[in-house]
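S.K.: My questions will all concern the structure given below.
Protein chains: 2
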Amino acid sequence: MQLRSPSRNFKEQKVVSVTRKDQVYTILRQAIISSQLSPGETIRKELVAAQLGVSRTPVSDAINRLADEGLVEIYPQTGTFVARLWLDKIETAQFVRVALETAAIRRTVERATPEIITGFRQNLERQRKAAEKQDFEQFYELDEALHDLICDAAGLVGLREIASKERSQIDRVRRLLLHYETRMIETLAEHEAIISAIADGDADKAAKTMEAHIAQMGKMLLHLRNKRPELFGS
Amino acid sequence: MQLRSPSRNFKEQKVVSVTRKDQVYTILRQAIISSQLSPGETIRKELVAAQLGVSRTPVSDAINRLADEGLVEIYPQTGTFVARLWLDKIETAQFVRVALETAAIRRTVERATPEIITGFRQNLERQRKAAEKQDFEQFYELDEALHDLICDAAGLVGLREIASKERSQIDRVRRLLLHYETRMIETLAEHEAIISAIADGDADKAAKTMEAHIAQMGKMLLHLRNKRPELFGS
DNA sequence: AGTTGGTGTGTAACATGTTAGATGTTATTG
DNA sequence: CAATAACATCTAACATGTTACACACCAACT
Chain H
1105 MQLRSPSRNF KEQKVVSVTR KDQVYTILRQ AIISSQLSPG ETIRKELVAA QLGVSRTPVS
1165 DAINRLADEG LVEIYPQTGT FVARLWLDKI ETAQFVRVAL ETAAIRRTVE RATPEIITGF
1225 RQNLERQRKA AEKQDFEQFY ELDEALHDLI CDAAGLVGLR EIASKERSQI DRVRRLLLHY
1285 ETRMIETLAE HEAIISAIAD GDADKAAKTM EAHIAQMGKM LLHLRNKRPE LFGS
Chain E
1105 MQLRSPSRNF KEQKVVSVTR KDQVYTILRQ AIISSQLSPG ETIRKELVAA QLGVSRTPVS
1165 DAINRLADEG LVEIYPQTGT FVARLWLDKI ETAQFVRVAL ETAAIRRTVE RATPEIITGF
1225 RQNLERQRKA AEKQDFEQFY ELDEALHDLI CDAAGLVGLR EIASKERSQI DRVRRLLLHY
1285 ETRMIETLAE HEAIISAIAD GDADKAAKTM EAHIAQMGKM LLHLRNKRPE LFGS
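Quick mapping for you: the protein sequence lines, in order, are chains H and E. Mapping the first sequence onto this note's numbering, position 209 (from 1) lands on 1313, and the numbers just tick up by one. Mapping the second sequence onto this note's numbering, position 207 (from 1) lands on 1311, and the numbers just tick up by one.
Written out as structure tokens, the structure is:
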């Protein structure tokens, strides 16, 4: 018997081992965030397991992780549900998002190389095209990608993952809002202002613009609650 | 058969259902953060299960959660280890901590009532006593509690849990540092400066002071790596 | 001696069986 | 008829059995 300790031989945490629970997690998360599964809807582990052709174990593991993330609510011995929208939790998520992304953008301003700026502008160009085509889904994906790019440009290992996780609540709300109001033109203008500020090296302006950009969602949220109260909790 | 949907009848998420996996999680987390389990050490699920008198399932669940939190490293089909210290991850955790806590303190300044300020000062008083007694552990606990109090005072549901989770890496490092260097006097002074700034309603000063306070840890970290390189990864 | 390939072992991942408890329903009682 | 208690049912939680795979070890070959 040999005690194996972590050593250099390990394929250093890069093999993003795609276990079944990871796959199930990704599928369910996507389904929840995209509102394919509605807030409040029941999730039957056994059914999910059958549909995906796996046993209950990886499904349970995936759901536990989603519960940590606040995307599902588990009531012990009773049932599992897609998390409803809780205004106070969304408020906290917004706060965290603003805090992280404004801080990240300040670092990004310090570190942005011409190549990185070019990457931003390419994304903006594609956003413009998507906006012209009225392709909401595509525009939304590019929006998320841009925020990820800015996070990455801050040059901190794992920051994107953390930010993305904390953003999941908000991403879900935004998807729901997509069907009611789009603001694509305004959003695009805001993105352009942010990138310009970064290109100009103006950290304060970039942060301020980002903050205002993120804050936009608040008003629309109340609008959604009036139209679809069943999606909300408490 | 009746489809149960989440309703008001539920003991609304307050019964912090203490399942076994939660208990195991708490025990292991505490053991890791307190360095009772050293970075790099092997964790044998079966052994842990036997020691705690439970089956492998709740242990696995707890460890999965700890892996999400970055406190353990799971190598599929190979083994599970207490996470080693990775400078780049700690750097990211520091960044996140600064971002969240400076943002939180700005809100706290706006909302701090006399009662809340009194709570802060009571904590400081106990810190002073602990410092006089050279009671490192007690002082450290009060330190964490103060940061939690400030988070709570920001008035955002769940913020403390998020901040606490993102802080776990750093808490672990601080515990290890405790044995080498204490800085209790200086730390106490920094805490007092932060609270004074809050009491004065000076948000900028409070945030600046907090940032400087958190940044202190950086230097000591390199010191630790020289003394205990085996705790570090990469 | 260093490299390569086969083999054994131990572990996480996965599957499935069992238990406990929360809730809805029905029966019972005043 | 309302309140309450017994019951049925469904689900997550927990236990345990099985499989697949990563790594260590060793032998054979260059």
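C-beta atoms are modelled at their ideal positions from N, C-alpha and C, and glycine is treated no differently.
Which residues of chain H have a Cβ atom closer than 9 Å to the Cβ of residue 1168(E), listed in chain order?
M.R.: The sequence position of residue 1168(E) within the second sequence is 64, counting from 1. Ordered by position in chain H, the residues that pass the 9 Å Cβ test against residue 1168(E) are 1125, 1165, 1168 and 1169.
S.K.: As a quick exercise: from 1264(H), 1321(H), 1216(H) and 1182(H), pick the residue whose alpha carbon is nearest that of residue 1303(H).
M.R.: Counting from one through the first sequence, the residue named residue 1303(H) turns up at place 199. Among 1264(H), 1321(H), 1216(H) and 1182(H), the Cα nearest to that of residue 1303(H) is on 1216(H).
S.K.: When you check each C-beta in the region 1252 to 1266 of chain H against every C-beta of chain E, which residues fall closer than 9 Å?
M.R.: 1258, 1260, 1261, 1262, 1263 and 1266
S.K.: Does the region 1182 to 1193 of chain E come within contact of the region 1237 to 1250 of chain E, defined as at least 3 CB pairs closer than 8 Å?
M.R.: no
S.K.: Measure the alpha-carbon distance for residue 1191(E) versus residue 1336(E) and round it to whole angstroms.
M.R.: Looking up residue 1191(E) in the second sequence gives position 87. Looking up residue 1336(E) in the second sequence gives position 232. C-alpha separation (whole angstroms): 8 Å.
S.K.: In the DSSP assignment, the alpha helix (DSSP H) including residue 1240(H) goes from what residue to what residue?
M.R.: Position 136 of the first sequence, counted from the start, is the residue given in the question as residue 1240(H). First-last of the alpha helix (DSSP H) with residue 1240(H): 1240 to 1257.
S.K.: Give me the Cα-Cα distance between residue 1323(H) and residue 1328(E), rounded to the nearest whole angstrom.
M.R.: In the first sequence, counting from the first residue as 1, residue 1323(H) sits at position 219. In the second sequence, counting from the first residue as 1, residue 1328(E) sits at position 224. If I take the Cα positions, the gap works out to 48 Å.
S.K.: Any beta-carbon of chain E closer than 9 Å to the one on residue 1211(H)?
M.R.: Taking the first sequence and counting its residues from 1, one reaches residue 1211(H) at position 107. It does: the Cβ of residue 1211(H) has a partner Cβ on chain E nearer than 9 Å.
S.K.: Kindly indicate if chain H contains any beta-carbon less than 9 Å away from that of residue 1204(E).
M.R.: The sequence position of residue 1204(E) within the second sequence is 100, counting from 1. So, interface residue.
S.K.: Just checking, does the region 1192 to 1201 of chain H make contact with the region 1269 to 1287 of chain H on the three C-beta pairs under 8 Å criterion?
M.R.: Yes, since at least three Cβ pairs between the region 1192 to 1201 of chain H and the region 1269 to 1287 of chain H fall closer than 8 Å, the two stretches touch.
S.K.: Kindly indicate which three-state DSSP category residue 1284(E) falls into: helix, strand or coil?
M.R.: Here the question's residue 1284(E) lines up with position 180 in the second sequence. The answer is coil: DSSP assigns residue 1284(E) none of H, G, I, E or B.
S.K.: Output needed in chain order: residues of the region 1190 to 1202 of chain H with a Cβ under 9 Å from some Cβ in chain E.
M.R.: 1190, 1192, 1193, 1195, 1196, 1197, 1199, 1200 and 1202
S.K.: Whose C-beta lies closer than 7 Å to the C-beta of residue 1149(H) among residues of the same chain, with five residues either side of it excluded?
M.R.: By 1-based counting over the first sequence, the position of residue 1149(H) is 45. Result list for residue 1149(H): 1160, 1163, 1164, 1167 and 1184, in chain order.
S.K.: Tell me the DSSP bridge mates of residue 1177(H)?
M.R.: Within the first sequence, the letter at position 73 stands for residue 1177(H). Residue 1177(H) is bridged to 1185(H).
S.K.: Can you list, in chain order, the residues of its chain whose CB lies under 7 Å from that of residue 1152(H), leaving out five sequence neighbours each side?
M.R.: Your numbering for residue 1152(H) matches position 48 in the first sequence. Cβ within range, chain order: 1163.
S.K.: Quick check on the burial criterion: 16 or more other C-beta atoms within 10 angstroms. Buried or exposed for residue 1202(E)?
M.R.: As a working mapping, residue 1202(E) is identified with position 98 in the second sequence. When all chains shown are included, residue 1202(E) counts as buried.
S.K.: Provide the residue span of the alpha helix (DSSP H) that contains residue 1328(E), from first to last.
M.R.: Sequence index remark: in the second sequence, residue 1328(E) carries index 224 (1-based). Residue 1328(E) -> alpha helix (DSSP H) spans 1321 to 1331.
S.K.: Using beta carbons (cut-off 9 Å, strictly below), is residue 1159(H) in contact with chain E?
M.R.: Position 55 of the first sequence holds residue 1159(H). Not an interface residue.
S.K.: Give the interface partners of residue 1180(H) over in chain E, defined as CB-CB distance under 7 Å, in chain order.
M.R.: By one-based count along the first sequence, residue 1180(H) stands at place 76. Ordered by position in chain E, the residues that pass the 7 Å Cβ test against residue 1180(H) are 1121 and 1123.
S.K.: Mind checking whether residue 1178(E) and residue 1224(E) have CB atoms under 9 Å apart?
M.R.: Mapped onto the second sequence, residue 1178(E) falls at position 74. Mapped onto the second sequence, residue 1224(E) falls at position 120. It is not a contact, given that the beta carbons lie outside the stated cut-off.
S.K.: Identify, in the order they occur along the chain, each residue of the same chain with its Cβ nearer than 7 Å to the Cβ of residue 1174(E), setting aside the five sequence neighbours on each side.
M.R.: Along the second sequence, read from residue 1 onward, the residue named residue 1174(E) stands at position 70. Excluding residues within five positions, the ones whose Cβ falls inside 7 Å are 1187, 1193 and 1273.
S.K.: If residue 1252(H) sits next to residue 1172(E), beta carbons under 8 Å apart, how far is it from one beta carbon to the other, in whole angstroms?
M.R.: Counting from one through the first sequence, the residue named residue 1252(H) turns up at place 148. Counting from one through the second sequence, the residue named residue 1172(E) turns up at place 68. So it is not a contact: roughly 19 Å between Cβ atoms.
S.K.: I want to know whether the region 1124 to 1139 of chain H touches the region 1278 to 1290 of chain H - three or more CB-CB distances under 8 Å.
M.R.: yes
S.K.: Under 8 Å Cβ-Cβ, which residues of chain E neighbour residue 1172(H)?
M.R.: Taking the first residue of the first sequence as 1, we reach residue 1172(H) at position 68. Here the neighbours are 1169 and 1172.
S.K.: Look up residue 1291(H) in the DSSP assignment and say whether it is helix, strand or coil.
M.R.: Translated into the one-based positions of the first sequence, residue 1291(H) becomes position 187. Correct three-state label for residue 1291(H): helix.
S.K.: Within the 9 Å Cβ cut-off, does residue 1216(H) reach chain E?
M.R.: Working through the first sequence from its first residue, we reach residue 1216(H) at position 112. By this cut-off, residue 1216(H) is not an interface position.
S.K.: Could you tell me which of 1234(H), 1239(H), 1250(H) and 1289(H) sits nearest to residue 1220(H), measuring between CA atoms?
M.R.: Taking the first residue of the first sequence as 1, we reach residue 1220(H) at position 116. Among 1234(H), 1239(H), 1250(H) and 1289(H), the Cα nearest to that of residue 1220(H) is on 1250(H).
S.K.: I'd like the list of long-range same chain contacts for residue 1213(E), defined as Cβ closer than 8 Å, with 5 residues on each side in sequence excluded.
M.R.: In the second sequence, counting from the first residue as 1, residue 1213(E) sits at position 109. These residues qualify, in order along the chain: 1301, 1302, 1305, 1306, 1307 and 1310.
S.K.: Out of 1176(H), 1292(H), 1338(H) and 1211(H), point me to the one whose CA is closest to residue 1236(H)'s CA.
M.R.: Stepping through the first sequence from its first residue, residue 1236(H) is reached at position 132. Selected option, being the one with the closest Cα: 1292(H).
S.K.: Just how far apart, CA to CA, sit residue 1257(E) and residue 1226(E)?
M.R.: Counting from 1 along the second sequence, the entry for residue 1257(E) is found at position 153. Counting from 1 along the second sequence, the entry for residue 1226(E) is found at position 122. Rounded to whole angstroms, residue 1257(E) to residue 1226(E) spans 15 Å at the Cα level.
S.K.: Closest by CA to residue 1181(H), which one among 1284(E), 1218(E), 1234(E) and 1122(E)?
M.R.: For the purposes of this step, residue 1181(H) is taken as the residue at position 77 of the first sequence. Selected option, being the one with the closest Cα: 1122(E).
S.K.: Can the beta-carbon of residue 1298(H) be found less than 9 Å from the beta-carbon of residue 1314(H)?
M.R.: Taking the first residue of the first sequence as position 1, residue 1298(H) is located at position 194. Taking the first residue of the first sequence as position 1, residue 1314(H) is located at position 210. For residue 1298(H) and residue 1314(H), yes; Cβs fall inside 9 Å.
S.K.: Is the shortest distance between the beta-carbon of residue 1208(E) and the beta-carbons of chain H less than 9 Å?
M.R.: As a position in the second sequence, residue 1208(E) is number 104, starting the count at 1. Yes, contact with chain H.
S.K.: Three-state secondary structure (DSSP) at residue 1196(H)?
M.R.: Against the first sequence, residue 1196(H) aligns to sequence position 92. It is helical.
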